[in-house]
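Peer 1: Got a structure for you, written out below as structure tokens; questions coming shortly.
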Amino acid sequence: GLDRPTSGEVWIDGQRVDRMSDKQLNELRRHTVSVIFQSFGLLPLLSAHENVELPLRIAGVSARERGRRTRRVLELVGLGRRTDHRPYELSGGEQQRVAIARALATEPRLILADEPTGELDSATAVAVFGLMRDLARSEGITIVTCTHDRLVMERADRVEELSDGRLLEREEQQVWTHVQARERSPFAAQEGDSETTIHRPSGLSSLLGADQRVFTASDEGAPESPKEPKPAEVVAAEVEAEELTDDEADDASRWARPDRSQ
């Protein structure tokens, strides 16, 4: 809803976005779509509570409802005791959680995230993306995130590859999975995580969430109703991992150890 496509059609939640007026697009952005920015995008003079509440004020939500929603989403992201702190009093991970709470406050159907872990260290990035994935499922929201971060891709429910601005067809995509322990990141999805399909990065969008019917894009004409996506392909889900040597185990341990200097 920010740029108009040069060709094709864009549908969100059963609505054709590329034909909307500016007024209709404003309503879409206020109530249906939220954005999470790489650099957080928090206003420095406002507290965490005020940053989250601001889009609700703009949307005309009543004071009582604003307070209820703001408290709820800050609790969801684990910041119930940090509501009065300003951004400079919060860590990078906490600031990104405030940004996530702000995106959730308007109760959108779709959240667009631009490199949401790009400003974070590896351990914090894993924690933040895990939180996003859990909230997507519990709140029934679809999150579309652009990323080059392999740690994020390994945890996404579905990954699509972009090359030179073009979404590749499934057969063109270079799909791989780190099923051997020596090839896997120490932060890779472990047993019990959701099944994952991973595509080699050259500019990627990961899709996750409970209701992936919300967002569809087409160059050949739109469906009469939101398209039901095919289940994500699972690659080598049951292949046993190869054992690590002692040296490789030491390397993995150093990777997994959190950086306490952050």
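The opening position of the sequence shown corresponds to residue 13 in our numbering, with each subsequent residue numbered one higher.
A virtual CB, placed ideally from N, CA and C, is assigned to each residue, including glycine.
As the structure is a computational prediction, the values presented were derived from the model and not from experiment.
Considering Glu106, what are the terminal residues of the alpha helix (DSSP H) in which it resides?
Peer 2: 104 to 117
Peer 1: Using the three-state DSSP reduction, which class does Leu37 fall into: helix, strand or coil?
Peer 2: helix
Peer 1: Helix, strand or coil: which one does DSSP assign to Val64?
Peer 2: helix
Peer 1: To the nearest angstrom, how far is the alpha carbon of Gly104 from that of Ala135?
Peer 2: 12 Å
Peer 1: Whole angstroms are fine: how far does the CA of Gly26 sit from the CA of Ala113?
Peer 2: 25 Å
Peer 1: What are the boundary residues of the beta strand (DSSP E) that includes Ser175?
Peer 2: 170 to 175
Peer 1: Within 10 Å of its beta-carbon, does Glu173 have 16 or more other beta-carbons around it, so buried, or fewer, so exposed?
Peer 2: Taking all protein chains in view, the Cβ of Glu173 is crowded by 16 or more other Cβ atoms within 10 Å, so the residue is classified as buried.
Peer 1: By alpha-carbon positions, which one of Val164, Glu101, Arg93 ends up nearest to Glu127?
Peer 2: Answer by Cα proximity: Val164.
Peer 1: For Ile123, which beta-bridge partners are listed by DSSP?
Peer 2: Ser46, Ile155
Peer 1: When the Cα atoms are used, what is the spatial distance from Ala148 to Pro120?
Peer 2: 11 Å
Peer 1: Roughly how many angstroms lie between the CA atoms of Gly79 and Arg69, to the nearest whole one?
Peer 2: 10 Å
Peer 1: Step through the CB atoms of chain B and report whether any lies within less than 7 Å of the CB of Ser46.
Peer 2: Although the question refers to chain B, the structure presented lacks it and comprises just one protein chain.
Peer 1: Just the Cα atoms here: how many angstroms apart are Leu88 and Glu151?
Peer 2: 10 Å
Peer 1: For Tyr100 and His61, I'd like the C-alpha separation in whole angstroms.
Peer 2: Rounded to the nearest angstrom, the two C-alpha atoms are 14 Å apart.
Peer 1: Please report how far the alpha carbon of Ile153 lies from the alpha carbon of Arg98, in whole angstroms.
Peer 2: 27 Å
Peer 1: For the beta strand (DSSP E) containing Val73, list its first residue and its last residue.
Peer 2: That residue, Val73, is in no beta strand (DSSP E); it is neither H nor E in DSSP.
Peer 1: Check the C-beta distance from Arg109 over to Leu91 and give it rounded, since I have them as a contact under 8 Å.
Peer 2: 6 Å
Peer 1: Please list, in chain order, all residues of the same chain as Leu124 whose beta carbon is under 6 Å from its beta carbon, the five residues on each side excluded.
Peer 2: Around Leu124: Val47, Val156.
Peer 1: Please report how far the alpha carbon of Ser19 lies from the alpha carbon of Arg28, in whole angstroms.
Peer 2: Spanning the two alpha carbons is a distance of roughly 13 Å.
Peer 1: Which stretch, first to last residue, makes up the beta strand (DSSP E) that contains Val22?
Peer 2: 21 to 24
Peer 1: Please state if the CB of Phe141 and the CB of Gln107 are separated by a distance shorter than 7 Å.
Peer 2: no
Peer 1: Spell out the partners DSSP gives Arg28 in its beta bridges.
Peer 2: Trp23
Peer 1: Output the distance between the C-alpha atoms of Val247 and Ser175, rounded to the nearest integer angstrom.
Peer 2: Only weak support exists for where Val247 lies, its pLDDT of 27 falling under 50; the value from the coordinates is given anyway. Near 21 Å, if we compare the C-alpha coordinates of Ser175 and Val247.
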